[in-house]
Amino acid sequence: MSSRSGSVTPDVVDPAGLKAFGLAAAGHEGVLSDASGALIIKPCTEAEVKFYEICQASHPDFLPHMPTFLGTLSLGGPNVDAITAASVPEDLSSPDRTPVPVPVVPNNRHNNIVLSNIAYGFTKPCVLDIKLGAQLWDDAASLEKRARLDKVSDSTTSRSLGLRVAGMKVYKGTGATLSVGIKDGYKVYDKYYGRDFTAENVIVAIKEYLTSTLSPSQVKIVVERFLERVTDIRKVLENQESRMYSASLLFAYEGDSTAFEDALKQEEAKAKKAAPSDAEEDDEEDDDEVDDEKIKKVEDVKLIDFAHATWTPGLGPDENAIQGVRSTEKLLNEILQS
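Numbering (our numbering), first residue to last: 453 to 790.
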């Protein structure tokens, strides 16, 4: 689906088909998806829309590392408020905590951004949100907000590493549904989970994210690909002039081992189709089958959350965010070497 800005029309997103989106790793309020699940719709700021629009116009190297921007959508009314309330997941991350719905303040849905859904294409997506930066506030933040966010940074890995695990959801399999803290096969780790780790032991949280139903060899593929993608993102950021406060790296991988193998096979079939062949006519029937098949993904990584992001020509790279990306690279490297 091609990127485009401006208002999104009903032929792109039908408001009547919107539903609660339950895979927001950091538990963001008010996130919706379209009927197909390919798009997400979330409340946004004008700054976030502007960041996407300028990126589309002037920063082509950055575009592959962020969700596809479709435009904006105006919503409102009691039905959408009800969906918004339903979209906030239960807090299931702590075994000694009784799962209860998180209270929701009704959203003003008149300013929403429409983006591609990174979790689309997975059968059982496992998602991880890593918040970037030691400084979490932008210049517009009040003194009270600066002090509050500085306290969070000082007491977590945000200050020391420039990153913090902000939430994750891991598929544990249908046999785990009776275990404490697991619902529909998923274990959910809320935004407070990552605040207990230090620079010395945060790798434990990253390893926990990888404890789905995959085999060790499948996990190794995921980590290798994650590392390659994060390295690419770091190289792009080192050549961009921007400031992205409280932006995140969003990771996703296929948590079902059978679906994982199916996704690898689909990749191989597409690669075979793209390669030059002397028997192209003989392969036409197989090619049609590949084209008709629903996309299946192995993994993905994107930069997300640009509500406090701006392009800053002349100010150099965003070392605040890059610190966290480099730390993520280091952690993934350590896991591969372990």
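Positions of the beta carbon are idealized from the N, C-alpha and C atoms, including for glycine.
Helix, strand or coil at residue i according to DSSP, with G and I counted as helix
{"i": "Ala651", "result": "coil"}
{"i": "Lys576", "result": "coil"}
{"i": "Asp757", "result": "coil"}
{"i": "Ile493", "result": "strand"}
{"i": "Lys471", "result": "strand"}
{"i": "Thr762", "result": "strand"}
{"i": "Phe694", "result": "Note on residue identity: the sequence assigns Ser, not Phe, to residue 694. Looking at Ser694 - three-state DSSP - the assignment turns out to be strand."}
{"i": "Asp752", "result": "strand"}
{"i": "Thr683", "result": "helix"}
{"i": "Val688", "result": "helix"}
{"i": "Leu788", "result": "helix"}
{"i": "Val640", "result": "strand"}
{"i": "Leu767", "result": "coil"}
{"i": "Ala538", "result": "Any reading at Ala538 needs caution, since the residue's pLDDT is 38, under 50, leaving its predicted position unreliable; the model's value is listed next. In this structure, Ala538 counts as helix in the three-state DSSP scheme."}
{"i": "Gly614", "result": "coil"}
{"i": "Leu544", "result": "Its pLDDT being 31, under 50, Leu544 is placed unreliably in this model, and the value from its coordinates should be taken loosely. Three-state DSSP puts Leu544 in coil, outside helix and strand."}
{"i": "Gly646", "result": "helix"}
{"i": "Thr608", "result": "coil"}
{"i": "Phe514", "result": "coil"}
{"i": "Ala727", "result": "coil"}
{"i": "Lys722", "result": "helix"}
{"i": "Ile570", "result": "coil"}
{"i": "Ser669", "result": "helix"}
{"i": "Ser594", "result": "coil"}
{"i": "Leu795", "result": "Residue 795 lies beyond the stretch modelled for the chain, which goes from 453 to 790, so this question has no answer here."}
{"i": "Asp466", "result": "coil"}
For residue j and residue i, believed in contact at Cβ under 8 Å, the rounded distance
{"i": "Leu522", "j": "Leu470", "result": "With a Cβ gap of about 14 Å, Leu522 and Leu470 do not count as contacting."}
{"i": "Asn564", "j": "Leu527", "result": "6 Å"}
{"i": "Val579", "j": "Ala586", "result": "Going by Cβ atoms, the distance from Val579 to Ala586 rounds to 24 Å, so no, they are not a contact pair."}
{"i": "Lys576", "j": "Ala711", "result": "7 Å"}
{"i": "Met696", "j": "Asp770", "result": "6 Å"}
Alpha-carbon to alpha-carbon, residue j and residue i
{"i": "Tyr638", "j": "Leu767", "result": "43 Å"}
{"i": "Asn653", "j": "Leu515", "result": "33 Å"}
{"i": "Tyr644", "j": "Pro728", "result": "51 Å"}
{"i": "Phe688", "j": "Asp513", "result": "It should be pointed out that residue 688 corresponds to Val in this sequence rather than to Phe. Spanning the two alpha carbons is a distance of roughly 7 Å."}
{"i": "Val640", "j": "Ile582", "result": "15 Å"}
{"i": "Lys754", "j": "Gly627", "result": "31 Å"}
{"i": "Asp714", "j": "Phe678", "result": "19 Å"}
{"i": "Arg686", "j": "Asp642", "result": "26 Å"}
{"i": "Asp590", "j": "Thr608", "result": "19 Å"}
{"i": "Val622", "j": "Glu706", "result": "10 Å"}
{"i": "Lys749", "j": "Val483", "result": "22 Å"}
{"i": "Asp636", "j": "Ala592", "result": "41 Å"}
{"i": "Trp763", "j": "Glu693", "result": "6 Å"}
{"i": "Pro551", "j": "Ala472", "result": "Reliability of the predicted coordinates at Pro551 is poor, the pLDDT of 33 falling under 50, and the value obtained from them is presented with this limitation in mind. Roughly 18 Å separates the two Cα atoms."}
{"i": "Leu783", "j": "Phe503", "result": "29 Å"}
{"i": "Glu676", "j": "Leu788", "result": "7 Å"}
{"i": "Leu701", "j": "Gly776", "result": "9 Å"}
Residues that residue i bridges to, as DSSP identifies them
{"i": "Ser664", "result": "According to DSSP, which records beta bridges pairwise, Ser664 is partnered with nothing at all."}
{"i": "Gly619", "result": "Asp581"}
{"i": "Phe503", "result": "Paired residues: none, contrary to the question."}
{"i": "Ala657", "result": "According to DSSP, which records beta bridges pairwise, Ala657 is partnered with nothing at all."}
{"i": "Glu706", "result": "Pro577"}
{"i": "Ser485", "result": "Lys471, Ile492"}
{"i": "Ser700", "result": "Lys583, Ile756"}
{"i": "Ile634", "result": "Lys639"}
Contact test: residue i Cβ vs the ligand ZN heavy atom, cutoff 7 Å
{"i": "Glu781", "result": "As presented, the structure is devoid of all ligands, the ligand ZN included, so that no description of it is given."}
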